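For the sequence shown, the numbering used here begins at 1 and goes up steadily by one. Okay, structure first, notes after.
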Amino acid sequence: MKKTAIRSLAAALSLGLMVMAGCGTSAPQRDGPATYPVSGTVTQGGAPVTGATVRFERADGSQASTGRTDSQGKYILATFEAGDGAPAGDYRVTIVKIKGPEESAAVPEDDPNYKGAEESPAEGEEVEYRNLLPEKYASVETSGLTATVTEGPNNLDFQLE
């Protein structure tokens, strides 16, 4: 009788462990096409372009993938989640580097002109944003930049004038 109870308990524990193993915390499945890694470097006059936004857009405008250049001009594209790349296909590319108002952190907190990071500009105050790269690269119509993403890793560099 004891052996039967022990066997039953062992079988129940084994079954329980198998069920638990099958209920793991796998990553949720996402809708959408497969993506492939896309990275590269953006340079202008041989120097890396830092802090620029690189945008790949399908010719029909149905999908876009973006990345931001680091201090060495390197970018990694994302479509659905960070670093996942882009679906295979042909793209038109834009690259912009936007400069906004000076950072409020440059003004000491005890200065009467200090604006906390949460504060927006005062009503009526004009805020100027400008693109530090040639304007032609800001539009898919004028950039002249294209890319083809294929299955597998893609290294796509851009040299700006």
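Just so it is clear, CB atoms sit at the ideal spot from N, CA and C, and this is done for glycine as well. Model, not experiment: these values are computed from the prediction.
Problem set entry | Which of helix, strand or coil DSSP assigns to lysine 74 | strand
Exercise. So what's tyrosine 129 in DSSP terms, helix, strand or just coil?
Worked result: coil
Problem set entry | Nearest-angstrom Cα separation, counted from arginine 130 out to leucine 160 | 18 Å
For this session: Classify leucine 132 as buried or exposed, calling it buried when 16 or more other Cβ atoms lie within 10 Å of its own Cβ.
Result: exposed
For this session: Assign valine 149 to buried or exposed, taking buried as 16 or more other Cβ atoms, counted over all protein chains shown, within 10 Å of its Cβ.
Result: buried
For this session: Write down the C-beta distance between tyrosine 91 and glycine 40 rounded to the nearest angstrom, noting that I regard them as a contact closer than 8 Å.
Result: No, tyrosine 91 and glycine 40 are not in contact; Cβ-Cβ is about 12 Å, not under 8 Å.
For this session: Please classify alanine 147: does DSSP put it in a helix, a strand, or coil?
Result: strand
Problem set entry | Local conformation of glutamate 161 per DSSP, three classes | coil
Exercise. Would you report the Cα separation of alanine 82 and threonine 66, rounded to the nearest angstrom?
Worked result: Cα-Cα distance, rounded: 10 Å.
Exercise. Between aspartate 60 and chain C, is there a C-beta pair that is closer than 9 Å?
Worked result: In summary, chain C is missing from the structure at hand, where a single protein chain is found.
Exercise. In terms of DSSP beta bridges, what is glutamate 168 paired with?
Worked result: The structure shown does not extend to residue 168, since the chain is modelled only from 1 to 161, so the question has no answer here.
Exercise. Hey, out of Gly144, Thr53 and Asp84, whose CA is closest to lysine 99's CA?
Worked result: Thr53
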